[in-house]
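K.L.:
Before anything else, here's the structure in question.
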Amino acid sequence: MSCIEQMKYKLYLERTSFKEAREFIEKNSEEVYYVEPGYRIFKDYYIIGVPPVALGIRGDEILFTYVKPCHGTFVMGVDSSEEIARLRDREEEKIKKTLKDGQKKGSEKGKSEAETKASIISYGDVYKNK
Amino acid sequence: MTEGKKALLVMGCPEVPVQISIVIYLAHKLKKEGWDVTVAGTNAPIKLLKTADPEGYYVQKTADLDWIIQEIVEKKMDFDACFAFMHSDAGMAYGATFSAISKAVHYAVVFGKNAEALGESIDYPTEKIVAKATHNPGPLKSKIDKVII
Numbered sequence: 001m002s003c004i005e006q007m008k009y010k011l012y013l014e015r016t017s018f019k020e021a022r023e024f025i026e027k028n029s030e031e032v033y034y035v036e037p038g039y040r041i042f043k044d045y046y047i048i049g050v051p052p053v054a055l056g057i058r059g060d061e062i063l064f065t066y067v068k069p070c071h072g073t074f075v076m077g078v079d080s081s082e083e084i085a086r087l088r089d090r091e092e093e094k095i096k097k098t099l100k101d102g103q104k105k106g107s108e109k110g111k112s113e114a115e116t117k118a119s120i121i122s123y124g125d126v127y128k129n130k
Numbered sequence: 131m132t133e134g135k136k137a138l139l140v141m142g143c144p145e146v147p148v149q150i151s152i153v154i155y156l157a158h159k160l161k162k163e164g165w166d167v168t169v170a171g172t173n174a175p176i177k178l179l180k181t182a183d184p185e186g187y188y189v190q191k192t193a194d195l196d197w198i199i200q201e202i203v204e205k206k207m208d209f210d211a212c213f214a215f216m217h218s219d220a221g222m223a224y225g226a227t228f229s230a231i232s233k234a235v236h237y238a239v240v241f242g243k244n245a246e247a248l249g250e251s252i253d254y255p256t257e258k259i260v261a262k263a264t265h266n267p268g269p270l271k272s273k274i275d276k277v278i279i
């Protein structure tokens, strides 16, 4: 049993489908973040789900999906400033990485364009070499 | 050339009878082909499996579902092939998770009375093995035999 069931939580939806649970989080959160299945929250809960897996923030509460094989999907809410901060930091890092990768690609593109330009020779030069 | 390769069979909720039967069948079939097989599930399906196979003749290794997810996410172990058994939306969520966290070739083994609709709704990377089977394992067994020769 995961640590979540021993925590103080609020239950917003129970025994529903994963899609409905995701839509509930998207509609009822002030901020929504998407994570890969297997993202860890709290001590030992690795989120189960069909991508994109939504996590919501509403005030001090983090909203997330909890799947039990015989009971379906639940939407739970737990107050946790720690998890919220971790989620926001993760998103910030993700954006920074995307920008960095974009800059890198941009400079590589610029470089290859410069190389292409440098390799252009005139029509006449082709015949000069013969 | 399957000697030493690792296969994971992930059981879902055990309420549909064909699951245990096909898990034992597939585990045995893979073992005979040289695969190192682990069967994962929650307490209920593991108990059913161990009761049916008390000496571990067909299934030698079992594992707790949450534990194996943790091990794969933390890159402490992984598999070459993963068969996720499912007959419900929750089972599909587990299948999608294994498809995302593991490098294994992934199969979704879909059964139960809503197998076709559930199979069609799967849109994550996996090879689907779908058969409308609840009590009679025959249709699912023949589909598995076509994939695992």
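If you read the sequences in order, they're chains A and B.
Going by the numbering used here, the first sequence opens with residue 1, and the numbers climb by one from there.
Going by the numbering used here, the second sequence opens with residue 131, and the numbers climb by one from there.
Note that CB positions come from ideal geometry on N, CA and C, so glycine has one too.
Since G249/B is in the alpha helix (DSSP H), which residue starts that stretch and which ends it?
P.N.:
Its alpha helix (DSSP H) spans residues A245 to S251.
K.L.:
Can you list, in chain order, the residues of its chain whose CB lies under 6 Å from that of E257/B, leaving out five sequence neighbours each side?
P.N.:
Counting only Cβ-Cβ distances below 6 Å, and skipping sequence neighbours, we find Y237.
K.L.:
Taking contact to mean 3 or more Cβ pairs, one atom from each stretch, closer than 8 Å, check whether the segment 181 to 198 of chain B and the segment 13 to 29 of chain A are in contact.
P.N.:
Flag = no, the segment 181 to 198 of chain B and the segment 13 to 29 of chain A do not touch.
K.L.:
How would you call V277/B, buried or exposed, if buried means at least 16 neighbouring beta carbons within 10 angstroms?
P.N.:
With fewer than 16 Cβ atoms within 10 Å of its Cβ, V277/B is classed as exposed.
K.L.:
Could you spell out the range, first to last residue, of the beta strand (DSSP E) harbouring I147/A?
P.N.:
Summary: the structure shown does not reach residue 147/A, with chain A confined to residues 1 through 130, and so no result is reported for it.
K.L.:
Do V35/A and V53/A have their CB atoms nearer than 8 Å?
P.N.:
Yes, the Cβ-Cβ distance between V35/A and V53/A is below 8 Å.
K.L.:
Quick one: list the residues of chain B neighbouring Y34/A, beta-carbon separation under 7 Å, in chain order.
P.N.:
None at all; the shortest Cβ gap to chain B is about 12 Å.
K.L.:
With H, G and I counted as helix, E and B as strand and the rest as coil, what does DSSP make of Y224/B?
P.N.:
If DSSP states are grouped into helix, strand and coil, Y224/B belongs with the helices.
K.L.:
Do you know whose CA, among M7/A, T73/A and R86/A, lies nearest F24/A's CA?
P.N.:
Comparing Cα-Cα distances from F24/A to each of M7/A, T73/A and R86/A, the minimum goes to T73/A.
K.L.:
If you run the structure through DSSP and keep just helix, strand and coil, what is K136/B?
P.N.:
In the structure shown, K136/B sits in a strand (DSSP, three-state: E or B).
K.L.:
Would you call the CB atoms of T132/B and G164/B closer than 8 Å?
P.N.:
Taking 8 Å as the Cβ cut-off, T132/B and G164/B qualify as a contacting pair.
K.L.:
So, for K130/A: in the same chain, excluding its five sequence neighbours on each side, which residues have a beta-carbon less than 6 Å away from its beta-carbon?
P.N.:
Confidence at K130/A is low in this model, with a pLDDT of 45, below 50, so its placement is unreliable and no value can be given for it.
K.L.:
By Cβ distance below 7 Å, which residues in the same chain neighbour E246/B in space, the five residues on each side in sequence not counted?
P.N.:
For E246/B, where only same-chain residues beyond five positions count, the Cβ hits under 7 Å are V260 and K262.
K.L.:
For a minimum of 4 consecutive residues, which ranges assigned as the alpha helix (DSSP H) are wholly contained in the segment 162 to 245 of chain B?
P.N.:
Counting whole runs of 4 or more residues, the segment 162 to 245 of chain B contains the alpha helix (DSSP H) stretches 173 to 182, 195 to 203 and 219 to 231.
K.L.:
Identify whether E83/A lies in helix, strand or coil by the three-state DSSP scheme.
P.N.:
In this structure, E83/A counts as helix in the three-state DSSP scheme.
K.L.:
Buried or exposed: where does T98/A fall if 16 or more other Cβ atoms within 10 Å of its Cβ makes it buried?
P.N.:
So T98/A counts as exposed.
K.L.:
Run down chain B in chain order and give the residues with a C-beta less than 7 Å from the C-beta of Y46/A.
P.N.:
Those within 7 Å of Y46/A in chain B are I199, Q200 and V203.
K.L.:
Go to A54/A, then tell me how far its alpha helix (DSSP H) extends in each direction, as first and last residue.
P.N.:
Counting along the chain, A54/A falls outside any alpha helix (DSSP H), though it belongs to the beta strand (DSSP E) covering V53 to R58.
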